[in-house]
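Structure first, then comments.
Chains as they are written, first to last, in my numbering: chain A, 1 to 314; chain L, 315 to 533.
What follows is the structure, given as structure tokens:
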């Protein structure tokens, strides 16, 4: 009997492997994928190198990757120049990395200079997004100029621009398009369609919004109190968003997402202690708590001072 | 081959500190072929004793300017649970001729680089202009939680599994965002975004150094 079960299990496994393998047959041809990659590079003004390597990559089935990377993609590698990923299902350019530029700027240790204006940086990003072929509704670009190197260098000077993915005007909680430019040349270093969530399974979002914000806040505070968490603290942030429910309130793990369509919810970020805060996600239709997160601070209260003077301390 | 990782977490911050350190340890050992010592039990003196041995270092703990806590540090702890740049420099200075310098140091702690103070990186032997070696930390208070933990895990996965340079890995993690009230691309504190800083080589890789597996360099 046990033997039979094992054999059945093996057959089932084999069958699912066959189904999986059949599902991985690409929709695009190699030439179509290459053409998409070349069109994109041309649109953003970045050169390509001859003899690109092209591979069809089934879903890696790994966490920590964007939705597009959980689908079959074509990877086009222009040696020493760039890497482009094309979604096999949609033909959308879901990732681009300018390897040559990363290499170039890592050696540029001159002091940081003038960044291109923010409006120009955004214009460059919008042109690139248009060239990806992505059709999702997006929020306004949010731009941030920064320098990752200490001391700051020209090479590490960047514009980071992100746009939230939206559905009928409501943002997805986790999804965005992220783009990084070299701030002083305006060239694109990296572009990523970081879509992690499934679209909601609803036609009109308006019919799903039953719970008011005030009702959601009351429910969230009651939920926290019921768990012995101080619930009277300041509401740090709040808004409607499409969330993928997680199991945080049952197992404490905010990264355990429940697979399925995204759900409209009030995402409420409440201060719950001097150095802690909690997200509570309240289903905007049912009022149920469907997920959350806990945040804490990593600061020591009475920092012991270093006895070593810094060479670069200002 | 001499690739050794020291992977520490402070469990007074909760199990998630251990979870992140586990990811880091797995990435370093299985993908980047390091011999890794993962622990949640080392106090200041044990850490100082062990520091000369390693070439990669990760800790998830409390911190402040030029200082980070051991595995038991709380915000209220005194200097007996905090390692200063002086402490670290003294210990790292004990490396023998057969113990290569630190290749990568990741300090998942608040404000170790506050006020542009890079003395902690220098204590690990990592200074501006150095090649193939880098130290990543934060210049101001930062929070931990799903968003920031995922940011950290993304950096390590890209470094170890994908063979990215540190700057590529960081840019990828930023682009992934994972939301900051939905709209983020930086590691966030409670009410604003905080950008980490890197001292050393932006093009640093964890593969292929010190006799490591050179073929694992990413294209």
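Every residue, glycine too, gets a C-beta built ideally from N, C-alpha and C. Being a predicted model, the structure only gives us computed values, none of them experimental.
Check                                                                                                                                                                             : Outcome
Under 6 Å Cβ to Cβ from residue 219 of chain A, same chain only, skipping five residues before and after it: list those, please.                                                  : 282, 287
Less than 9 Å between the beta carbons of residue 187 of chain A and residue 181 of chain A, yes or no?                                                                           : yes
Output needed for residue 36 of chain A: all residues of its chain with C-beta closer than 7 Å, excluding positions within five of it in sequence on either side, in chain order. : 86, 91, 93
Report yes or no: do three or more beta-carbon pairs, one from the segment 149-168 of chain A and one from the segment 103-123 of chain A, lie closer than 8 Å?                   : yes
For residue 497 of chain L and chain A, any beta-carbon pair shorter than 9 Å?                                                                                                    : Low local confidence applies: a pLDDT of 42 at residue 497 of chain L is under 50, so the model's placement there is unreliable, and no value is given.
Can you give, in chain order, each stretch of the alpha helix (DSSP H) that sits fully within the segment 395-423 of chain L and has at least 4 residues?                         : 399-406
Under 8 Å by Cβ, that's how I've got residue 426 of chain L and residue 377 of chain L pegged, so tell me the actual separation to the nearest angstrom.                          : 5 Å
Within 8 Å, do at least three Cβ pairs link the segment 315-324 of chain L to the segment 357-369 of chain L?                                                                     : yes
For chain A, is any of its Cβ atoms less than 9 Å away from the one on residue 343 of chain L?                                                                                    : no
Residues of the segment 100-124 of chain A with a CB closer than 9 Å to any CB of chain L: list them in chain order, please.                                                      : 102, 103, 105, 106, 107, 109
Kindly list, in the order they appear in chain A, the residues whose Cβ is closer than 8 Å to that of residue 447 of chain L.                                                     : Near residue 447 of chain L there are no residues of chain A at all, since even the closest Cβ is about 13 Å away, more than 8 Å.
Taking residue 457 of chain L as the reference, which of A:275, A:279, A:153, A:46 has the closest Cα?                                                                            : A:275
Which residue wins for smallest C-alpha separation from residue 481 of chain L, given the options A:109, A:80, A:105?                                                             : A:105
Which of the three DSSP states is assigned to residue 481 of chain L in this structure?                                                                                           : helix
For residue 280 of chain A, go through chain L and note every residue whose CB falls closer than 9 Å to its CB, in chain order.                                                   : Within chain L, no residue comes near residue 280 of chain A; the closest Cβ sits about 13 Å away, beyond 9 Å.
Using a cut-off of 8 Å between C-beta atoms, extract the partners of residue 293 of chain A located in chain L.                                                                   : 459, 460, 461
State yes or no: is the beta carbon of residue 474 of chain L nearer than 9 Å to at least one beta carbon in chain A?                                                             : no
What's the gap between the Cα of residue 246 of chain A and the Cα of residue 473 of chain L?                                                                                     : 27 Å
Could you tell me whether the segment 41-61 of chain A touches the segment 74-81 of chain A, using the rule of 3 or more Cβ pairs below 8 Å?                                      : yes
Taking only the alpha-carbon atoms, compute the straight-line gap between residue 249 of chain A and residue 257 of chain A and give it to the nearest angstrom.                  : 12 Å
Using a cut-off of 7 Å between C-beta atoms, extract the partners of residue 336 of chain L located in chain A.                                                                   : By Cβ distance, chain A contributes nothing, its closest Cβ being about 13 Å from residue 336 of chain L, past 7 Å.
Ordered along the chain, which non-local residues of its own chain (more than five positions away) have a Cβ less than 7 Å from that of residue 265 of chain A?                   : 241, 243, 281, 282, 283, 284, 290
Should the segment 379-398 of chain L be called in touch with the segment 336-351 of chain L, which here means at least 3 C-beta pairs below 8 Å?                                 : no
Report the neighbours of residue 97 of chain A on chain L: residues whose CB is nearer than 7 Å to its CB, in chain order.                                                        : 482
Based on Cα-Cα distance, which residue from L:340, L:440, L:356, L:372 lies nearest to residue 395 of chain L?                                                                    : L:356
How many Å lie between residue 63 of chain A and residue 107 of chain A at the Cα?                                                                                                : The predicted model places residue 63 of chain A with a pLDDT of 40, which falls under 50 and marks its position as unreliable, so this point remains unresolved.
Compare the beta carbon distance of residue 258 of chain L and residue 416 of chain L with 9 Å and say whether it is the shorter of the two.                                      : As shown, chain L starts at 315 and ends at 533. That puts residue 258 of chain L outside it, with no answer to give.
Taking 9 Å as the cut-off, decide whether the C-beta atoms of residue 154 of chain A and residue 112 of chain A are in contact.                                                   : yes
Cutting at 6 Å between CB atoms, please list the residues of its own chain near residue 295 of chain A, excluding the five before and the five after it.                          : 277
Starting from residue 189 of chain A, find everything on chain L with Cβ-Cβ shorter than 7 Å and list it in chain order.                                                          : 485
Are the C-beta of residue 298 of chain A and some C-beta of chain L separated by less than 9 Å?                                                                                   : yes
Can you grab the Cα-Cα spacing for the pair residue 204 of chain A / residue 168 of chain A, in whole Å?                                                                          : 8 Å
Give the interface partners of residue 505 of chain L over in chain A, defined as CB-CB distance under 7 Å, in chain order.                                                       : 236
Quick check on the burial criterion: 16 or more other C-beta atoms within 10 angstroms. Buried or exposed for residue 42 of chain A?                                              : exposed
Which residues in the same chain have their Cβ closer than 6 Å to the Cβ of residue 497 of chain L, if we skip the five residues on either side of it in sequence?                : Confidence at residue 497 of chain L is low in this model, with a pLDDT of 42, below 50, so the placement of that residue should be treated as unreliable; the coordinate-derived value is given next. Excluding positions up to five away in sequence, the list is empty.
In whole angstroms, give me the CA-to-CA distance for residue 178 of chain A and residue 360 of chain L.                                                                          : 41 Å
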